[in-house]
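Protein sequence lines correspond, in order, to chains A and B.
According to the working numbering, the first sequence is numbered sequentially starting from 21.
According to the working numbering, the second sequence is numbered sequentially starting from 453.
Okay, so here's the structure we're looking at.
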Amino acid sequence: MNDNKKTYWKGIEQLSNDPEFVKNADREFPEFLPINGNSEGGGSSRRDFLKMMGFGIAAVSLAACEAPVRKAIPYVNKPVDVDPGIPNYYASTYTHGGDYCSILVKTREGRPIKIEGNSLCKITEGGTSAQVQASVLTLYDRERLGLPVIGGKDGTWEDLDKEVIAKLRSIAAQGGQIRIVSNTVLSPTTKQVIEDFKAQYPTAQHVVYDAVSAHGILAANEESFGTRAIPRYDFSRADVIVSFAADFLGTWLSPVEYSRQYSKTRKIGANKKTMSRHYQFESLLSMTGGNADYRTRIKPSEEGKAVVALYEAITANKKSDIEYINKAAADLKKAQGKSLVVAGSNDPRVQVVVNAINSALNNYGTTIDLSSPAYYKQGDDAAMDRFVNDVKGGKVAGVIFYNCNPVYNYKGGAELAEALKKVSLKVSTSDRPDETAAISDYVAPDHHFLESWGDAEPVQGYYTFVQPAITPIFNTRQAQESLLTWAGVQTPDYYTYLKNAWARRGVSGNAWDKALHDGILGARSASAGVEGDTTSLASTVTAAAGAAAFAGDVSKASAAINNIKGSGLELVIYQKVAIGDGSQANNPWLQEMPDPVTKATWDNYLSVSPKWASENDVKSFEGKCNMARITVNGVSKDVPVLIQPGQAEGTVGLALGYGRVNGGLVANGRGVDAYPFMQVQNGVVAYQVLSGVQVEVLSEVYQIAQTQTHQTYMGRDTVVQESVLSKYQDDPFAGRHDPKIATWMSEEGSVHPGALSLWKGHKYNNHHWGMAIDLNSCTGCSACTIACQAENNVPVVGRDEVINRRDMHWLRIDRYYSSDADPEDKRGLEIAAANPEVTFQPMLCQHCNNAPCETVCPVAATTHSTEGLNQMTYNRCIGTRYCANNCPYKVRRFNWFKYHDNGNFEDINTPMNNDLGKMVLNPDVTVRSRGVMEKCSFCVQRIQYGKLEAKKEGRRPKDGDITTACASACPTDAIVFGDMNDTESRIYKMLNINDTDGPDYITEKEILEPRAYHVIGEIGTKPNVTYLTKIRNKDIEETKA
Amino acid sequence: MTQNRPLTRVFLAFTLAGSLLFTNISRAQEADQQNAAEGTQQGTEQAAPATDGGLPADDASISEGMSLFNSNCKSCHKIEGKLVGPALKDVHKRAPSIDWIVDFVHNSSKVIASGDAYANKIYEEYNKTQMTAFPTLSRQQILNILGYIKQETDALAAAPTTTAVPGDATGQGQGTDTGIPASYMNIIMIALVVVLLLILVVLILITTVLKKYINQKGELEEADKEIVDASFNINAVVKSKPFIFLVTFISAAIVFKVVIHNLYAVGIQQGYAPKQPIAFSHKLHAGQYEIDCNYCHTGVRKSKNANIPSPNICMNCHVAIKTESPEIQKIYAAIENDRPIEWVRIHNLPDLAYFNHAQHVEVGGIECQTCHGEVQEMEVVAQASLLTMGWCIDCHRKTDVNTKGNEYYDNLVELHNAEGKGALKVEDIGGLECSKCHY
């Protein structure tokens, strides 16, 4: 069985067996930690002790005298549908520029506290992303503007409207040009508002740009098919997926939707033993690249050539010397009509060739649907460029920045800021005094989307709605209402406007109520009228409608592409999964979310290949690395360096979204701003710099707060179990490490380690909660980490404390690099480190039935429940940390500080340190204090709530009623939670559980699913969390490196 | 004692039956008078009075009607006697028609506005107090309530002949409550003390006599004589080591006991009865007027919070009742100024403990009084229970799970019975586990 001879490592330091790492690895807490506070030096003296004791006694005796008087304050007039203690859910839609997700908002006592996916939506299908999960915290950001701003001072709406209207009218009277600048607008009604505005001011034009543009795809489709649109991709129908630097699971266009679709092709089991094959050609190791079966490292300058090579290999059987191109071509040809080729490039020429490939493979009409285009990115780089030039030329008299921040997130932001001085009227609707709002004359702050009304059309003919889940916290006004007011529309109340607009589209009365209730309207035909059944969007894709004649000029594009040349180092500018384009940079949850691949928090960095690092004598230890000065076209920035295995030689990478100046206290000064490095190439914004990149290594050392190398499994190495598809097809147990222990007690002479125990076992008469995690589905996106943080009031600790290994995430995603090379073969390992395989593994409390933590607690603060939970009782914990030491999975987290109401964490842990931020806390979960241990509770509050609902109705809970925050957030359904005692439950069937009766009414759960294993099961902990092996769709000969 | 029991029972039964008989007769008389009076009114105003035909009489409907009546109507109506609204006795006979009643319950103001004579008459009679609309009650539910009212009315009329039986039952209930009474224990104790004292006196007498006898004989040596004549030296005793040890030990023990006792009392607020901003009397509302707890504390059956009522619930009745009272003026002020009333919280659980009312009241079937004490007798509400963890755990150990008719527990009960360990207590289903209350 044990055919898994791979070497796994978490970071470079572990691979190279750095002596410092080895020393620290087996310690629960490294020695270098300061004991007292953040910066205090030295211990406390005898006097301090006496003082503290005196104070302590005084405090205790005072406290004993009289309990504080607490008030109970009911509503003055209780709203009918709000009952204190009972959550209400409202369907809404997360839109942020072109980012889209249909959601349910959980509110308690009228305040949103958690976001869940809306499973009715056919696009996102109940999935969410980390950014969507974290957006609820942005609502309670006290750095949002509370009042309209006039000339840098607080003003009133009346004054602002009066002045803006007067100026707009005078501009219009003189025939001056007015521009509305925005990111992608998904809302059809908002577009109508802009049209109304334009009708009032005929010189007004709407300029759309995107911080990360998809202009290339739009332009290419215009050239190829005559429609400027992003087609609707359907990864779920693809057997072969080839991606050229498109991080479609993490950041590209609509990652939640694509993750969902992708995961459907990656699930395997007894009834489905095939899965998609995924090729990734990219420079940096992206999250999507980490999931790929075959990954080729290419330089950005080779990206277009690789696409052309693939095209030629498919159409002309021309062999290419780029690794895996020929193999991909052969696979694609076999999977005609069931394959998908995508590219992240913003170069229309590259996209034309991609279109040609898909067209040659007959993918239009099956995996690509041009007839119902997606509207995720509508930015027009050329138009934006014209706008900037117009401003520079003094041709524009008035600009309204509708929820966008081009001074920060457009490539020529600094130039634009300078040029904007010439514009007489600058209005921003930004919710905070960001870089653009700071230089605007007027700021008319918009609501947060959870306070707004609205609609969205992510895909043509598919509508979802936005409804407020809270009354506006500040004196803000919906931006659409501002535009309508300035346009002089009679009823500027946007709700009425929206309702009327939909009434005109034939949705009113009950249909309108239902649409708001469901959050979706479902697919509608263009001619109006709601379709009765909205079962599947995909079903509307017909071959005839989806296919279109390809009319692009491939040879011209290929010729142009072949002329692209890079010289020296090439820079790739990319988005991180958490921070994205930086608009939510003031969100500490996202800042502290470890990047899925690098596991770095709170910073961006220059990622370099290990080879470059050794050539330049750059060494890294636990994120501690030299700084480097990167210079592109005269712009220089000092950045920390991070050595990234899997990165193409001759490339460096830098993430967008950092280096904010006016982002807020959390965001400001974190990392460096990469936008100034972006360039225009051939009329489009390029996210790569192909020449003229200079990197100079500085002597200064900086430590990036990385989490991955914090814990080790003490040399136990059956944590990840994996195999390849062909082996799995022959033997479902492929890749399994199935240890047995010799004993006289069994007839076979050996038993599973869990079967031998000092204890009698646990009796689960009622429920037996369990979780199954499919490593094949998990893409590492970390939506679960943030969902867990929001649900369980997990504190944010800040960069310094992450470096001190005191991160508090209850659920972490471990990222392992691996290769087949023999551990003794140093040369082989070095090659492997250049392009390793990647495995993502969500790791949380395993709720062991023989829990090592429970037996060592001196005060029985951690105990086992009759439902299989490993319970942690904070008020009993005295903080010995024995349990964390004894936990083989290293999932226990110790509160080194009081993270709430603590001045030291005020600008870091905002959800626990100001009254506004505290509104996001889940009132059903205790906010832990200093000195206690905490860990995953399997969302016991949700279990208790679900059980109580069932009891109130006098029934058993149905499978799916009760689920954990991580499982419900997962866009790929990788986490399944349920009652293993319920024979109808998904988890019971998925793990193929066989109940065997033991003595004392104890039922043993025997898991028969061949792929299922327990992490380090050989130590006999008998966890209630079960993992399913990772299966890669690789051919066997390729696995021998 | 056992001989006494039948006698007591008979006596009790007689007295109770007698008193009940008397009160019921007098009530029935009043009712008859009222009936007669209302009958004449009906005769003059309404040609075709409603009959009681079609009102449900089966037990299920009646019991549903009773619970609906208790939770919706009882705060303003009694079966007999005016409260906020008229007595409901024989309402089905009195009102123009059943349909009229249904319409009136659904939306009384609409009926009044329609110019209906009878409706307007009641409206005027009750100082233009508008009845709360119950649009959510179905026609059948209203019929069930009426069925319950009819049954109650009939029961009142038939009261004189039937009520003797419960009297007898009460007598039995009291008689069976036996055990060793405290007074007997006291008598035994006193007797013991007396006997011991007597023995002491006898012993002293004996030693004195013996001492005298020995001294008179005069045969003792010096040493022995000293022992026999030794006088009690209090100084020596006080300075003796055992005595000092004993005193130190006892005083230390007392101090220890007092400290521990007081430490356990830290944070315990049993009996805490703070002055509230409005002198609301539970004794009046819950006791005298028997308003269901659920009527004001709306969350108690569905939420973790029982909810302190918002002023709009007070307004259901106080829009018309006692409007001049200075206490009630405070409610009006709260509504007018849009400032919530800041009640002082009496029952304070620590933040680390999770308590859910719905679990205990709706699922567990626990009476409010079990934890909150006899609230209906409290002028000012005081914390009745300890609210310590030990108090919670104790109850979870003793209380049977309310499994009846709840499918959730079926399998649990079966498994528990298979193990044969007596009744299913809360502790048997994990009621003592940490994360049932702490998370």
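Each residue gets a CB set at the ideal place from its N, CA and C atoms; glycine is no exception.
Q. Listed in chain order, which residues of the region 737-756 of chain B have Cβ atoms closer than 9 angstroms to some Cβ of chain A?
A. 750, 751, 753, 754, 755, 756
**Q.** Neighbourhood of residue 585 (chain B) by C-beta, 6 angstroms cutoff - its chain only, sequence neighbours within 5 removed
**A.** On the second sequence, position 133 is the one that residue 585 (chain B) refers to. Closer than 6 angstroms at the Cβ level, and outside the excluded window around residue 585 (chain B), lie 559.
(Q) Counting only beta-carbon separations shorter than 9 angstroms, does residue 811 (chain B) have a partner in chain A? (A) Here the question's residue 811 (chain B) lines up with position 359 in the second sequence. Yes, contact with chain A.
Q: Please report how far the alpha carbon of residue 737 (chain B) lies from the alpha carbon of residue 782 (chain B), in whole angstroms.
A: As a working note, residue 737 (chain B) is residue 285 in the second sequence. As a working note, residue 782 (chain B) is residue 330 in the second sequence. Rounded to the nearest angstrom, the two C-alpha atoms are 17 angstroms apart.
Q. Taking 9 angstroms as the CB-CB limit, is residue 803 (chain B) close to chain E?
A. Here chain E cannot be found, since the structure's protein chains are A and B.
(Q) Three Cβ pairs or more, each shorter than 8 angstroms: is that satisfied between the region 692-708 of chain A and the region 590-609 of chain A? (A) yes
Q) So is residue 704 (chain B) in contact with chain A if we call contact Cβ pairs under 9 angstroms? A) Mapped onto the second sequence, residue 704 (chain B) falls at position 252. No, no contact with chain A.
Q: Step through the CB atoms of chain A and report whether any lies within less than 9 angstroms of the CB of residue 882 (chain B).
A: For the purposes of this step, residue 882 (chain B) is taken as residue 430 along the second sequence, with counting starting at 1. Yes, contact with chain A.
Q: For residue 944 (chain A), return the contacting residues in chain B, with the cut-off set at a CB-CB distance below 9 angstroms.
A: Position 924 of the first sequence, counted from the first residue, corresponds to residue 944 (chain A). Ordered by position in chain B, the residues that pass the 9 angstroms Cβ test against residue 944 (chain A) are 756, 806, 891.
Q. Going by alpha carbons, who is nearest to residue 265 (chain A) out of A:225, A:244, A:308, A:253?
A. Along the first sequence, read from residue 1 onward, the residue named residue 265 (chain A) stands at position 245. Checked all of A:225, A:244, A:308, A:253; the closest Cα to residue 265 (chain A) is A:308.
Q | Sequence-distant residues of the same chain with beta carbon closer than 6 angstroms to residue 138 (chain A), five excluded per side | A | Here the question's residue 138 (chain A) lines up with position 118 in the first sequence. The residues are 111, 122, 123, 124, 539.
Q: List the residues of chain A whose Cβ lies closer than 9 angstroms to the Cβ of residue 823 (chain B), in chain order.
A: Your numbering for residue 823 (chain B) matches position 371 in the second sequence. Under the 9 angstroms cutoff, chain A gives no residues; its nearest Cβ is about 16 angstroms from residue 823 (chain B).
Q. Mind pulling the chain A residues with CB within less than 9 angstroms of residue 793 (chain B)?
A. Within the second sequence, the letter at position 341 stands for residue 793 (chain B). Per Cβ cutoff of 9 angstroms: 93, 94, 96.
Q: Taking a Cβ distance cut-off of 8 angstroms, strictly less, list which residues of the region 883-916 of chain A are near chain B, in chain order.
A: 883, 885, 886, 887, 889, 891, 892, 893, 894, 895, 896
Q. When you check each C-beta in the region 962-993 of chain A against every C-beta of chain B, which residues fall closer than 7 angstroms?
A. 968, 970, 971, 972, 974, 975, 976
Q. Within 10 angstroms of its Cβ, does residue 315 (chain A) collect 16 or more other Cβ (buried), or is it exposed?
A. Numbered from its first residue, the first sequence carries residue 315 (chain A) at position 295. Answer is buried; the Cβ neighbour count reaches 16.
**Q.** Members of the region 508-541 of chain B near chain A, C-beta cut-off 8 angstroms
**A.** none
Q: Compare the C-beta of residue 1062 (chain A) with all C-beta atoms of chain B and state if any pair is closer than 9 angstroms.
A: In the structure as shown, chain A starts at 21 and stops at 1061, and residue 1062 (chain A) therefore has no counterpart that could be examined.
Q) Just by C-beta distance, which residues in the region 858-876 of chain B are closer than 7 angstroms to chain A? A) 858, 859, 860, 864, 867, 871
Q.
What would DSSP say about residue 490 (chain A), mapped onto helix, strand or coil?
A. Position 470 of the first sequence holds residue 490 (chain A). Residue state, collapsed to three classes: coil.
Q: Indicate whether at least one CB of chain A lies closer than 9 angstroms to the CB of residue 885 (chain B).
A: Translated into the one-based positions of the second sequence, residue 885 (chain B) becomes position 433. Yes, because at least one Cβ of chain A sits closer than 9 angstroms to the Cβ of residue 885 (chain B).
Q) Do residue 94 (chain A) and residue 763 (chain B) have their CB atoms nearer than 9 angstroms? A) Your numbering for residue 94 (chain A) matches position 74 in the first sequence. Your numbering for residue 763 (chain B) matches position 311 in the second sequence. The answer is yes: Cβ separation under 9 angstroms.
Q. Can you tell me the Cα-Cα spacing of residue 513 (chain A) and residue 202 (chain A), whole angstroms?
A. Numbered from 1 along the first sequence, position 493 holds the residue referred to as residue 513 (chain A). Numbered from 1 along the first sequence, position 182 holds the residue referred to as residue 202 (chain A). C-alpha separation (whole angstroms): 21 angstroms.
Q. Using Cβ-Cβ distances below 7 angstroms, what residues of the region 950-961 of chain A are close to chain B?
A. 957, 960, 961
Q: Specify the secondary structure class of residue 424 (chain A) as computed by DSSP and reduced to three states.
A: Indexing the first sequence from 1 puts residue 424 (chain A) at position 404. DSSP places residue 424 (chain A) in coil when its eight states are reduced to three.
Q. So the alpha helix (DSSP H) residue 131 (chain A) belongs to, where does it begin and stop?
A. Here residue 131 (chain A) corresponds to residue number 111 of the first sequence, with the count starting at 1. Segment 131-137 is the beta strand (DSSP E) holding residue 131 (chain A); no alpha helix (DSSP H) there.
Q: Report, in whole angstroms, the separation of the C-beta atoms of residue 363 (chain A) and residue 630 (chain A), which I expect to be a contact under 8 angstroms.
A: What you label residue 363 (chain A) is simply residue 343 of the first sequence in a count that begins at 1. What you label residue 630 (chain A) is simply residue 610 of the first sequence in a count that begins at 1. With 8 angstroms as the limit, residue 363 (chain A) and residue 630 (chain A) do not qualify as a contact, their Cβ atoms being about 26 angstroms apart.
Q. Can you give, in chain order, each stretch of the beta strand (DSSP E) that sits fully within the region 337-399 of chain A and has at least 3 residues?
A. 359-363, 388-394
Q: Sort A:867, A:739, A:406 by Cα distance to residue 788 (chain A) and report the nearest one.
A: For the purposes of this step, residue 788 (chain A) is taken as residue 768 along the first sequence, with counting starting at 1. Minimum Cα distance to residue 788 (chain A) is reached at A:867.
Q | Short Cβ contact (9 angstroms threshold) for residue 823 (chain A) with residue 723 (chain A) | A | Here residue 823 (chain A) is taken as the residue at index 803 of the first sequence, counted from 1. Here residue 723 (chain A) is taken as the residue at index 703 of the first sequence, counted from 1. It is a contact, given that the beta carbons lie within the stated cut-off.
Q | Of the listed residues A:662, A:118, A:433, nearest to residue 233 (chain A) (C-alpha basis) | A | Residue mapping note: residue 233 (chain A) aligns to position 213 of the first sequence, counting from 1. It is A:118 whose Cα lies nearest to the Cα of residue 233 (chain A).
Q: Report yes if the C-beta distance between residue 758 (chain B) and residue 809 (chain B) is below 9 angstroms; otherwise report no.
A: One-based indexing of the second sequence puts residue 758 (chain B) at position 306. One-based indexing of the second sequence puts residue 809 (chain B) at position 357. The answer is yes: Cβ separation under 9 angstroms.
**Q.** Reference residue 869 (chain A), options A:487, A:970, A:415, A:783, closest by Cα
**A.** The residue given as residue 869 (chain A) occupies position 849 in the first sequence. If we check each option's Cα against that of residue 869 (chain A), A:783 comes out closest.
Q. Ends of the beta strand (DSSP E) at residue 999 (chain A)?
A. For the purposes of this step, residue 999 (chain A) is taken as residue 979 along the first sequence, with counting starting at 1. Here the beta strand (DSSP E) through residue 999 (chain A) covers 995-999.
Q | Where the region 99-128 of chain A meets chain B: residues whose CB sits under 8 angstroms from a CB there | A | 103, 104, 105, 106
Q | Runs of beta strand (DSSP E) wholly within the region 858-915 of chain A (minimum 3 residues, chain order) | A | 882-884, 890-892
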